[in-house]
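J.: Residue 74 in the numbering used here sits at position 75 of the sequence shown, with consecutive numbering throughout.
Every residue, glycine too, gets a C-beta built ideally from N, C-alpha and C.
Note that the coordinates shown come from a computational prediction; the quantities given were computed from them, not determined experimentally.
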Amino acid sequence: MTTRLPQVLSEADLSRLIEMAWEDRTPFEAIATTFGYSEPHVIALMRKNLKRSSFELWRKRVTGRSTKHIALRSKLVNRAYCATQYKQK
Numbered sequence: 000m001t002t003r004l005p006q007v008l009s010e011a012d013l014s015r016l017i018e019m020a021w022e023d024r025t026p027f028e029a030i031a032t033t034f035g036y037s038e039p040h041v042i043a044l045m046r047k048n049l050k051r052s053s054f055e056l057w058r059k060r061v062t063g064r065s066t067k068h069i070a071l072r073s074k075l076v077n078r079a080y081c082a083t084q085y086k087q088k
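1. Between which residues of its own chain and L16 is the CB-CB distance below 6 angstroms, once the five residues before and five after are set aside?
2. Can you name, in chain order, every residue of its own chain whose Cβ lies under 6 angstroms from the Cβ of F54, other than the five neighbours on each side?
3. P26 lies in the alpha helix (DSSP H); which residues open and close that run?
4. Quick one: give me the first and last residue of the alpha helix (DSSP H) that L44 is part of.
5. Under 8 angstroms by Cβ, that's how I've got A101 and M19 pegged, so tell me the actual separation to the nearest angstrom.
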């Protein structure tokens, strides 16, 4: 079964989506809200755009990770990223 991706992304959007997928605290729901890509779509996109070893490492990290799924997240977490992630320059 193949997963049809919802939209064609610009290079900048593709880069940002991959970055969001790699971030531990960014849930798949935030990616879906921003880009319209559900978790299976993100997985297909990552498989297509990463080296096999990088994809396998990413899948191992995100599978079952509570911070990547809002339903598994503690109700005390009300943000998508670490407060120090985007440092002021």
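T.: Well, looking at it:
1. For the purposes of this step, residue 16 is identified with residue 17 of the sequence shown, where counting begins at 1. Hits under 6 angstroms: F34.
2. As a position in the sequence shown, residue 54 is number 55, starting the count at 1. Excluding five sequence positions before and after F54, the CB atoms of its chain that fall closer than 6 angstroms to its own CB belong to M45 and R46, given in chain order.
3. Within the sequence shown, numbered from 1, the residue matching residue 26 stands at position 27. Neither: P26 is in no alpha helix (DSSP H) and is coded neither H nor E.
4. The residue given as residue 44 occupies position 45 in the sequence shown. Element bounds for L44: E38 to N48.
5. The question about residue 101 has no answer here: the residues shown for the chain are numbered 0 through 88.
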